[in-house]
């Protein structure tokens, strides 16, 4: 349990008990959570056989993936997986945490009392990315974020923002939602180009941009007499080049 206090000019304005969850917007909470979970990670590595995962760049051996409060267990057989689940449950109980069955998924019946069993074409989310029962990334993730992006642009177009604030809001609230998926999903430049076309179509439909107008002007900066709209295609290319440069340096 955590107790937090909010002070303004040394005057107490709120005193609240927090029994569960990570505090949103608090930079210390995720770090403390990692410290709590680190012993479990080390215990899993010491006690259980690792699975070799083959990638384009090479092979890696591990039996779990852990990112703050998202844990994925990997095992070659049912008995090992069941033992790892019991180990995790025992550890989490000691530190006062529990597994959320509704947000968990498994592809083995031995764990269906702990997580939702994936069958057939069932999918689940891990770190915001949709995967199938084999842990393979699916295109559904891109289609979902694409739908959300378009819905956000539509919603902003129906607001009462002036032109400058509208395009700034589209860049920050709508187009930025694709950033997380760039470099994670295997997408072609044509996918991003089509997304740019859809965004322009929404702007035309809502009479924000005229169809005969120069589409290149949309992506120009306002200081260059453009509208200042971020191009998803150019943005993705820039981010991928930055990622490649970073990987080469490391």
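Residue numbers (UniProt numbering): 1 to 250.
Even for Gly, the Cβ is constructed at its ideal location relative to N, Cα and C.
Source: prediction; values computed, not measured.
Distance, residue j Cα to residue i Cα
i	j	result
residue 93	residue 108	23 Å
residue 258	residue 144	The shown model of the chain, from 1 to 250, leaves out residue 258, and the question about it has no answer.
residue 189	residue 104	33 Å
residue 163	residue 204	14 Å
residue 201	residue 177	19 Å
residue 77	residue 157	52 Å
residue 232	residue 147	14 Å
residue 59	residue 67	20 Å
residue 246	residue 56	18 Å
residue 82	residue 91	14 Å
residue 117	residue 159	42 Å
residue 86	residue 79	11 Å
residue 186	residue 142	10 Å
residue 48	residue 184	28 Å
residue 237	residue 113	44 Å
residue 196	residue 110	45 Å
residue 179	residue 155	20 Å
residue 38	residue 72	14 Å
residue 30	residue 174	26 Å
residue 207	residue 140	30 Å
residue 224	residue 168	16 Å
residue 102	residue 230	37 Å
residue 1	residue 97	Unreliable placement is indicated for residue 1, whose pLDDT of 48 sits below 50; the coordinate value is still reported in the next sentence. Near 11 Å, if we compare the C-alpha coordinates of residue 97 and residue 1.
Assigned secondary structure, residue i (DSSP; H/G/I helix, E/B strand, else coil)
i	result
residue 59	strand
residue 198	helix
residue 190	helix
residue 173	helix
residue 66	strand
residue 232	helix
residue 238	helix
residue 1	For residue 1, the pLDDT reaches just 48, beneath the cut-off of 50, and the residue's location in the model is therefore unreliable, although a value from the coordinates is still provided. It is coil, neither helix nor strand.
residue 182	strand
residue 76	coil
residue 71	strand
residue 223	helix
residue 36	helix
residue 160	coil
residue 29	helix
residue 155	helix
residue 214	coil
residue 165	helix
residue 97	coil
Whole-Å CB distance - residue i paired with residue j, under 8 Å assumed
i	j	result
residue 161	residue 88	Between residue 88 and residue 161 the Cβ distance is about 47 Å, and since that is not below 8 Å, they are no contact.
residue 44	residue 63	6 Å
residue 228	residue 221	6 Å
residue 182	residue 240	7 Å
residue 74	residue 51	4 Å
residue 153	residue 170	6 Å
residue 36	residue 99	Residue 36 to residue 99, Cβ: 15 Å. No contact.
Sheet register partners of residue i (DSSP bridge)
i	result
residue 105	116
residue 54	59
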